[in-house]
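Chemist: Protein chains in written order, with our numbering: chain A, 847 to 1264; chain B, 16 to 393. Attaching a single structure in structure tokens format; questions to follow.
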Amino acid sequence: MSARAQVQEALARLREAGAELRARSPAQVHAALADVLDAWRAPDSPWQAELVERLPACTGFSPETVRRGLVLGLAPYSGEALHALVRSELGGPEGLDPRAAASWRGFPVTATVLAGAIPLPAVTAVIAPLALRSPVLVKPSAHDPVTAPLLARALAERMPELGECVAIVDFRRDDAGALDALCEADCVVATGSDATVAAIGARVVSGTRRFVGHGHRFSLALIGDAATSGAEVLRAARGVALDVALWDQLGCLSPVAAYVLGDRRAAERFADALASALTALEHRMPRGRIEPEAAAAIARERAEAEMRAAAGEAVSLRAGPGTSWTVVCEAGAALRPAPLHRFVRVQAVGEAELAAALRGAPLAGVAACAAPGALLLECEASRVCAPGRLQTPPLAWPRGGLGVLTSLARRVSVEIDR
Amino acid sequence: MRPGERATCSGPDPARAELDARVLAWMREPLTEAGSADDARFDALARAVFAFQFAHCEPYRRFCTGRGCTPDTVEHWRAIPAVPAGAFKELALRSFPAAREAHVFRTSGTATERRGALHLDTLALYEASLLPSFRRGVLPELAPGARARLRILAPAPVEAPDSSLSHMFGVALAALGDAGSGFDVRGGAFDAAGLLAALERACAEGVPVALCGTAFAFVHLLDDLAGRGARLALPAGSRAMETGGFKGRSRELPRATLYGGIEDALGVPGEWIVNQYGMTELGSQFYDSVLCRPGEPRRKLGPPWVRVRVIDPETGEDAAPGALGVIRIHDLANTGSVAAIETADLGRTLAGGFEVVGREPGAEARGCSIAADEMLAP
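Structural data, given as structure tokens:
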């Protein structure tokens, strides 16, 4: 059977399964989802153990990185957090009651295209539509074929109707027929580069269909001058190092640069502390394997930094063994290439220069320490937190400024007597 | 200076003049493939060039010093530090006084993009290096003193004075082209009608043609021929040489598709199509082996005054044979700038040559895992 036919068959099956799911009350569905989330975040969770066992082979992350990333990342994904999310965005399970004068309705079928190697986005991508009682078709990313099927299994064990409402269909990125079929879903969610998201969005026929795209975004750390000396600099640097090292800097919440609001010496102090913290993390949580292309990009950016220093620019380089981690300290707010995989730039900037550089930047998150509040208010990040917390977003994090649930639902107002 | 004219070979520095003379002498010998027989000669010259560049190119000296390398510590050319090709965008890497600058070649790019530049005080080595390689790669059977029909899908040097590719074609055409040879991009536009007439004349005369140009120019040609509904069967022995990529262009074709199109539209079989690998920052070029080593695996060959290494970026040492790594080139034609350059290209060694596998992805300022995913997805 072609991938296109598989997608079409899965969508048809999901539409039927959705009717069964909607026979369950929202509260029953939320209770089941909450149980699964609690089971996944439990300290002795067999689900986590399976992810730790299987993800390193396909993602390239070290087992230690997967283990720590899951412990920290799943911690906020509790059953209670789901109930709180439902209350805050929908006004509670009753917000899904079609008999109410105003209610939210999930789409008959949601399809989601995942990207990247980090497992946590797959969890919210599956849970959120189901919380709206919308069955979900998942196209997993090339690097993580594990998480979504495993979650489907966990859901089926807790509530068979939920398991029936998740379909995983993989196909090649260039299979236009399969992608067109996927875009026949009533709500399509796509994660990817801006070009990929735009290309998928263009395939979704407008009208009654919903398209939600999550394109390119990145994160930064903002370190105020007060946090560049003494114990503060060590604390801030340890936090930023953790944000960088978790998931090997491959998430949109991974900082690619740390802007230090201060002079060159302050930036150098922070760069020293960050290098020490990355060294320590490399021992406890080694960077995973990377492709030659990525290693080459790191080597090139290191050499170009050396060359700029040789030309008299205020640039310094700190680096771990091989390409394990890199800190380039330089001046100015300009965004330079980010090879990722634990490669951070520390840039000394003034507040006005930084404000100008950040205007309109597609930021996902900012890890801020002693940074001016005005600067944080001006940037477009949908998440601002302390260093060390970037990779542990709450379940309710409004990624891209969109509601987790409401972006996947329709608001219905009924103004007739019944 | 016009291509093909005799170039002044040295600056006022006697040490540089002596180096240039040694390199030029090598370039004027019959071309051999780089091999162990030349290693001692290459090593001696490379270290001498390094010592000169260390002394005369301040940014390079600082770069090397930062890595703990000086002419006193370098005992073999392999230990000479290579500058990243991107440095040519940031710095004027000259090993001669700026006042002696005679020519600048620039990389392609948009108006807003920073472009790399090769600063030269003499074109002598550049021109002496390019001809033997062009001849071996594109016209290996051409008898001494004979000329060939060259049609160039690129502007003439006078129209693109900062294009190293146009200059190279200008030199090749002046040295090896016959009376029916010429450039087919004029005034910034592809002269399709003129080229078609020239090709039809070659067909009528039964003279094989060497069509040379950028890959993108060939796409233009194929589109134009398709638009006219024209297909040609160029005389046996005709060949195509394509180079460069499609950067910033509107249409991109896989190489196999391009070669298939050339075969269909022009009658030039795939094994008669040569890819040239070159960079503005380098004085020498590399050509596919298909014409000079027919029947052997397609690979890039360079002249003996150039050494190519494939480097494992994790270790900075040679990658295992056949393993993917970064292409590093040590080109003795670059006496006036820096001889050792780390390219942004990935490749692998292959049967006495190498193959270029691709360019490192443009690493934008980005943080999403998406980039890696899209790069590597099947």
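For every residue, glycine included, the Cβ atom is placed at its ideal position computed from N, Cα and C.
1) So, Ala139 (chain B) versus Ala232 (chain B), is the Cβ gap smaller than 8 Å?
2) Determine the burial state of Val932 (chain A): buried for a count of at least 16 other Cβ atoms within 10 Å of its Cβ, exposed for fewer.
3) CA-CA distance, Gly864 (chain A) and Ala858 (chain A)?
4) Could you check whether the Cβ of Ser1153 (chain A) sits closer than 8 Å to any Cβ belonging to chain B?
5) What does Pro29 (chain B) reach in chain A if we use C-beta pairs closer than 8 Å?
6) Cβ of Cys1171 (chain A) within 8 Å of Cβ of Leu1124 (chain A)?
7) Going by alpha carbons, who is nearest to Leu983 (chain A) out of A:Ala963, A:Ile964, A:Arg1004, A:Leu1008?
8) Can you list, in chain order, the residues of the segment 356–372 of chain B whose Cβ is nearer than 7 Å to any Cβ on chain A?
9) Do you know how far the Cα of Leu928 (chain A) is from the Cα of Ala974 (chain A)?
10) Name the two residues that bound the continuous beta strand (DSSP E) containing Glu1176 (chain A).
11) Buried or exposed: where does Met183 (chain B) fall if 16 or more other Cβ atoms within 10 Å of its Cβ makes it buried?
12) Answer with buried or exposed for His91 (chain B), where buried requires no fewer than 16 other C-beta atoms within 10 angstroms of its C-beta.
13) For Glu379 (chain B), which residues from the same chain have a beta carbon less than 6 Å from its beta carbon, with the 5 sequence-adjacent residues on both sides left out?
14) Taking the Cβ atom as the reference point for each residue, do Asp1032 (chain A) and Val969 (chain A) lie within a distance shorter than 8 Å?
15) Return the CA-CA distance between Leu236 (chain B) and His345 (chain B), expressed in angstroms with no decimal places.
16) In chain order, what residues of the same chain lie with their CB nearer than 7 Å to the CB of Arg1110 (chain A), ignoring the 5 residues before and after it?
17) Using the three-state DSSP reduction, which class does Arg1205 (chain A) fall into: helix, strand or coil?
18) Do three or more CB pairs link the segment 251–259 of chain B to the segment 283–296 of chain B at distances below 8 Å?
19) Quick check: what's the CA-CA separation for Cys1175 (chain A) versus Glu1152 (chain A)?
20) Express the C-alpha separation of Pro99 (chain B) and Glu1150 (chain A) in angstroms, rounding to a whole number.
21) Under 8 Å, do Arg1188 (chain A) and Asp1118 (chain A) count as touching if we go by C-beta distance?
22) With a threshold of 8 Å between beta carbons, is Gly1246 (chain A) in contact with chain B?
23) Give a yes or no on whether the C-beta atoms belonging to Ala225 (chain B) and Arg150 (chain B) are separated by under 8 Å.
24) Does Tyr1105 (chain A) come out as helix, strand or coil in the three-state DSSP assignment?
25) Nearest CA to the CA of Gly101 (chain B): which residue from A:Arg1154, A:Leu1066, A:Arg1164, A:Leu1186?
26) For a minimum of 4 consecutive residues, which ranges assigned as the alpha helix (DSSP H) are wholly contained in the segment 96–160 of chain B?
27) Check whether chain A comes within 8 Å of Gly263 (chain B), counting only Cβ atoms and requiring the distance to be less than that.
28) How should Glu1224 (chain A) be labelled, buried or exposed, when 16 other C-beta atoms within 10 angstroms of its C-beta is the threshold for buried?
29) Show which residues of chain A have a CB atom less than 7 Å away from the CB atom of Gly101 (chain B).
30) Name, in chain order, the residues that DSSP records as bridge partners for Arg1259 (chain A).
31) Over what stretch of residues does the beta strand (DSSP E) that includes Thr1042 (chain A) continue unbroken?
32) Can you tell me whether Met847 (chain A) is buried or exposed? The criterion is at least 16 other CB atoms within 10 Å of its CB, across all chains shown.
33) Measuring only between beta-carbons, confirm whether Phe78 (chain B) sits less than 8 Å from chain A.
34) Whose CA, out of A:Lys985, A:Ser1039, A:Thr993, lies closest to the CA of Ile1014 (chain A)?
35) Please tell me whether, using a cut-off of 7 Å, the distance from the CB of Glu855 (chain A) to the nearest non-hydrogen atom of the ligand ATP is below it.
36) I need the straight-line Cα distance from Pro284 (chain B) to Asp239 (chain B), nearest angstrom please.
Modeler: By the coordinates alone:
1) no
2) buried
3) 10 Å
4) Note that residue 1153 (chain A) is Met in the sequence shown here, rather than Ser. Chain B contact via Cβ: present.
5) In chain order: nothing, as chain A lies at least about 27 Å away.
6) It is worth fixing the name first, because residue 1171 (chain A) is Trp in this sequence and not Cys. Cβ distance < 8 Å, so Trp1171 (chain A) and Leu1124 (chain A) count as in contact.
7) A:Leu1008
8) Glu357, Ala359, Leu361
9) 9 Å
10) 1172–1177
11) buried
12) exposed
13) Low confidence applies to Glu379 (chain B): its pLDDT is 35, below 50, so where it sits in the model is not reliable, and the reading given next is rough at best. Excluding sequence neighbours, Glu379 (chain B) sits near nothing in its chain.
14) Contact: no.
15) Whole-angstrom Cα-Cα distance: 35 Å.
16) Ala1160, Ala1177, Ala1194
17) coil
18) yes
19) 11 Å
20) Glu1150 (chain A) and Pro99 (chain B): Cα-Cα distance of roughly 6 Å.
21) Not in contact: Arg1188 (chain A) and Asp1118 (chain A) (Cβ atoms no closer than 8 Å).
22) By this cut-off, Gly1246 (chain A) is not an interface position.
23) At a Cβ-Cβ threshold of 8 Å, Ala225 (chain B) and Arg150 (chain B) do not count as neighbours.
24) strand
25) The shortest C-alpha separation from Gly101 (chain B) is found at A:Arg1154.
26) 102–105, 139–153
27) Unreliable placement is indicated for Gly263 (chain B), whose pLDDT of 46 sits below 50; the coordinate value is still reported in the next sentence. Closer than 8 Å: no.
28) Exposed: under 16 other Cβ atoms inside 10 Å.
29) Result: Arg1146, Glu1150.
30) It is Ser, not Arg, that sits at residue 1259 (chain A) in the sequence shown. The partner list for Ser1259 (chain A) (beta bridge, DSSP) reads A:Ala948.
31) Secondary structure note for Thr1042 (chain A): it is in no beta strand (DSSP E), and the uninterrupted alpha helix (DSSP H) holding it is 1040–1049.
32) exposed
33) yes
34) A:Lys985
35) Absence of the ligand ATP is noted for the structure shown, with no ligands found whatsoever.
36) 20 Å
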